[in-house]
Amino acid sequence: MAEISLNNINKVYGDDFHAIHDLSFDIRDGEFMVFVGPSGCGKSTALRMVAGLETITSGTLTVGGRVVNEVDPKDRDVAMVFQSYALYPHKSVRENIAFPLLMAKVPKPEIDRRVEEAAEILELTAHLDRKPGKLSGGQRQRVAMGRAIVRQPAAFLMDEPLSNLDAKLRVQMRAEIASLQRRLGVTTIYVTHDQVEAMTMGDRVAVMKAGRLQQVDTPQALYNRPDNVFVAAFIGSPSMNLYEAELDGRTLTLGTNSFDIPDAVFEKRPSLAGAQKRPVIVGIRPEHMDDADVRPASAQIRARVTLVEALGAESMVHLAIDAPWVDAGDPDAVGEIGDGKAAVARFSPKSGVAAGDTATVAIEAEELHFFDPETRLSIW
Amino acid sequence: MTERRFVYLMLAPAALFLGLLVAYPVGLLVFNSFFTVETITPDVREWVGFENYIDALTSSRIADSAWRTVKYSVFALGFELIFGFCAALLFSAIAEKSRWHRTIFALPLMVPPIVAGLLWRFLLVGQIGILNYGLAAIGLIDDPGDIRWLSDADIVIYSVAFADIWLTTSFVALVAYAGLTNIPRDLIEAARVDGANALKRFWHVTLPLLRPVIAVIIIVRGVDAAKTFDLIWIQTQGGPRNQSEVFSMNIYQRMVRFGDLGEASASATLFLIVMLVLAGIAYWKIWRPSHD
Chain L
1 MAEISLNNIN
11 KVYGDDFHAI
21 HDLSFDIRDG
31 EFMVFVGPSG
41 CGKSTALRMV
51 AGLETITSGT
61 LTVGGRVVNE
71 VDPKDRDVAM
81 VFQSYALYPH
91 KSVRENIAFP
101 LLMAKVPKPE
111 IDRRVEEAAE
121 ILELTAHLDR
131 KPGKLSGGQR
141 QRVAMGRAIV
151 RQPAAFLMDE
161 PLSNLDAKLR
171 VQMRAEIASL
181 QRRLGVTTIY
191 VTHDQVEAMT
201 MGDRVAVMKA
211 GRLQQVDTPQ
221 ALYNRPDNVF
231 VAAFIGSPSM
241 NLYEAELDGR
251 TLTLGTNSFD
261 IPDAVFEKRP
271 SLAGAQKRPV
281 IVGIRPEHMD
291 DADVRPASAQ
301 IRARVTLVEA
311 LGAESMVHLA
321 IDAPWVDAGD
331 PDAVGEIGDG
341 KAAVARFSPK
351 SGVAAGDTAT
361 VAIEAEELHF
371 FDPETRLSIW
Chain E
1001 MTERRFVYLM
1011 LAPAALFLGL
1021 LVAYPVGLLV
1031 FNSFFTVETI
1041 TPDVREWVGF
1051 ENYIDALTSS
1061 RIADSAWRTV
1071 KYSVFALGFE
1081 LIFGFCAALL
1091 FSAIAEKSRW
1101 HRTIFALPLM
1111 VPPIVAGLLW
1121 RFLLVGQIGI
1131 LNYGLAAIGL
1141 IDDPGDIRWL
1151 SDADIVIYSV
1161 AFADIWLTTS
1171 FVALVAYAGL
1181 TNIPRDLIEA
1191 ARVDGANALK
1201 RFWHVTLPLL
1211 RPVIAVIIIV
1221 RGVDAAKTFD
1231 LIWIQTQGGP
1241 RNQSEVFSMN
1251 IYQRMVRFGD
1261 LGEASASATL
1271 FLIVMLVLAG
1281 IAYWKIWRPS
1291 HD
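So the protein sequences, as listed, match chains L and E. With this note's numbering, the residue at position 224 of the first sequence is 224, and numbering never jumps. With this note's numbering, the residue at position 243 of the second sequence is 1243, and numbering never jumps.
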């Protein structure tokens, strides 16, 4: 078990491709840290540098207080779980799990004991003598986990370990991995592009984009206090709706709609106070909008309904808001539902709106987020 | 027309050619092996049953040539595997930059065996062999005449294999390289993180995953080496004192020099059976899918 610390880590491929820019943060002993970001953001590269599979161009990496920049992967005392599981196809489950112990020259009886123990924890006992090819995706995933936990390493490194599983199994394994990690208390870095995994599993989450760390904090803090437009849109599903707006005094003008901002917002974000025709990016989470007929609020806008997706417990209502839409800069965002530029609101199922209607939408104005259009940083 | 019939129809030309060019000659070979029949008068034949086989199996010259074939094949194949895999691992280590190296390395594959045989004969032969002058020049031997590569009865069967090794190491290297590039990088990286050094990664991951590739090489190259004729013939014609006469050469001598078509056919049939059995064993032992 160990603390992992990254100090000004850079990765440059060839002459010009700067994959990681000055990455710095500490992962505490026993912490479950998630690296999340869209594809190509450098999260896997960062993990592979911790594993020793990629060289570090500059900066220092320490594991348990020891600088490991130049240490071979085999001597770093970290265990890795790959997206493809990387099980040795010619070895049985038992041999796969035992492999790191065999390499560490652990005595045979001890290997047997620890393999049995790991198999017990992961419910693989019945499959120990089968080859990986004969196992289901979920079982293979567990063998990969077994190979990692059997070593009792200083840290677990997991590179999108669940993305080859189907949705249902993914939800189940998500909980299993998180509880296993809490039980073992081993420092873990978990890479994913799925913000739901990040939010549900991580003690803390590091959001990355284009090789730069955007924000690192607890899931709840990322959700409540995103540092910038990207983090705001990336965390939360469906994404936060972002529009260009104008704040004048306490009146927010959003397209042809305008409403007053409550005092609570100015207390929370003092630098917003006294704004005069200040252009802002306003962020509204889907869950902070509802049908004004069901749940009226002081802040209301009118918007045309383009699509209603009734999910039973709630309805995802797509709204055409007549203010300029803001692109948060997520290369993977294809507009999760609908055309991407529509606002998505999470309406109560009691709402009777239908596509084509013009609805009055109630907004919980104290929950609005404000960003500077120039710097795209949160205004506090 | 049903699909099955259509398939048969499409297969028919190939089957016809195979029948005409393979099944018929092989059938004739096996048929001839049960007769005393001269090469110059193949229509005059006398039934002798298994006598040709008994002769072949008891002949010391045939037994010697068979044993020499084994020595030649094992020697050639052994070095081809070692050199070929080393080259493949080197190519794989320098990855993309190895394109030109691979191309140049593959050049011997374009050289006809006859030419390779001649080339190596000039390198090795007696007093004028260039190789010995080189060895003498760097002081490994005292005199260029010290090693008589192609006329020393004890070593000639290995000397003639040099040409084979030179000619086909590149084939082994290319096939092995193709096999290496097929090994998922994740597996090698997983082994690195699991604590395996380069040697252990090769032993525990690379080599087992190359089993099918090794099987292909051993079957293809082994059968090829065992039936070598031209490469050795051009260098020594089986000499000195038949000490480089391999099995195929023995069959040729029996049929062409001694005109004994029946006995040559019996030997050839035995050869065929042995090769089929060897290929079968290699197939079952090594080519079992590793994903079971």
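Cβ atoms here follow ideal geometry from the backbone N, Cα and C, with glycine treated the same way. Computed from a predicted structure; not experimentally measured.
Cut-off 6 angstroms between Cβ atoms - residues of its own chain near residue i, not counting five sequence neighbours on either side
i, result
"L:Phe347", "Asp290, Asp291, Ser315, Val317"
"E:Ser1098", "Phe1091"
"L:Met158", "Val81, Tyr190"
"E:Gly1238", "Ser1244, Glu1245, Met1249"
"L:Asp357", "Val305"
"L:Gly338", "The pLDDT assigned to L:Gly338 is 48, lower than 50, so where the model puts this residue is not dependable, and the model offers no usable value."
Contacting residues, own chain, Cβ-Cβ under 7 angstroms from residue i (five flanking each side not counted)
i, result
"L:Arg285", "Gly236, Met240, Glu367"
"L:Ala342", "Thr306, His318, Leu319, Ala320"
"L:Ser163", "Gln83"
"E:Leu1118", "Ile1234"
"L:Gly255", "Ile321, Asp322, Ala323"
Buried or exposed (CB count within 10 angstroms, at least 16 for buried), residue i
i, result
"L:Asp263", "exposed"
"L:Glu336", "Low local confidence applies: a pLDDT of 47 at L:Glu336 is under 50, so the model's placement there is unreliable, and no value is given."
"L:Phe17", "exposed"
"E:Gly1195", "buried"
"L:Gly211", "buried"
"L:Lys168", "exposed"
"L:Cys382", "The shown model of chain L, from 1 to 380, leaves out residue 382 of chain L, and the question about it has no answer."
"L:Ile97", "buried"
"E:Ala1093", "exposed"
"E:Arg1241", "exposed"
"L:Ala154", "buried"
"E:Ile1214", "buried"
"L:Asp72", "exposed"
"L:Lys277", "exposed"
"E:Met1110", "exposed"
"E:Met1010", "exposed"
"E:Glu1263", "buried"
"E:Ser1065", "buried"
"L:Lys209", "buried"
8 angstroms Cβ cutoff, residue i in contact with chain E
i, result
"L:Ala154", "no"
"L:Gly338", "For L:Gly338, the predicted structure reports a pLDDT of 48, less than 50, and the residue's modelled location is therefore unreliable. The matter cannot be settled from this model."
"L:Tyr190", "no"
"L:Met173", "no"
"L:Met80", "yes"
"L:Lys74", "yes"
"L:Leu122", "no"
"L:Met33", "no"
"L:Leu162", "no"
For residue i, three-class secondary structure by DSSP
i, result
"L:His193", "coil"
"E:Val1277", "helix"
"L:Lys209", "strand"
"E:Pro1084", "Looking at the sequence provided, one finds Gly at residue 1084 of chain E rather than Pro. Of the three classes helix, strand and coil, the one that applies to E:Gly1084 here is helix, per DSSP."
"L:Leu272", "helix"
"L:Asp22", "strand"
"E:Gly1027", "helix"
"E:Ser1170", "helix"
"L:Pro279", "strand"
"L:Met240", "coil"
"L:Ile4", "strand"
8 angstroms Cβ cutoff, residue i in contact with chain L
i, result
"E:Glu1080", "no"
"E:Gly1195", "yes"
"E:Ala1282", "no"
"E:Glu1096", "no"
"E:Leu1187", "yes"
"E:Leu1090", "no"
"E:Lys1200", "yes"
"E:Ala1190", "yes"
"E:Val1205", "yes"
"E:Leu1210", "no"
"E:Pro1184", "yes"
Other residues of its chain near residue i: CB distance less than 8 angstroms, five sequence neighbours each side excluded
i, result
"E:Phe1083", "Ile1165, Thr1169, Val1172, Ala1173"
Contact between the segment 139 to 159 of chain L and the segment 87 to 100 of chain L (3+ Cβ pairs under 8 angstroms)
yes
Report yes or no: do the segment 347 to 362 of chain L and the segment 293 to 311 of chain L share at least 3 C-beta pairs separated by less than 8 angstroms?
yes
Spell out a yes or no on whether the segment 1141 to 1161 of chain E and the segment 1068 to 1085 of chain E are touching, meaning 3 or more CB-CB pairs, one atom from each, closer than 8 angstroms.
yes
Inter-stretch contact at 8 angstroms, needing at least 3 Cβ pairs: the segment 46 to 62 of chain L / the segment 1186 to 1203 of chain E:
yes
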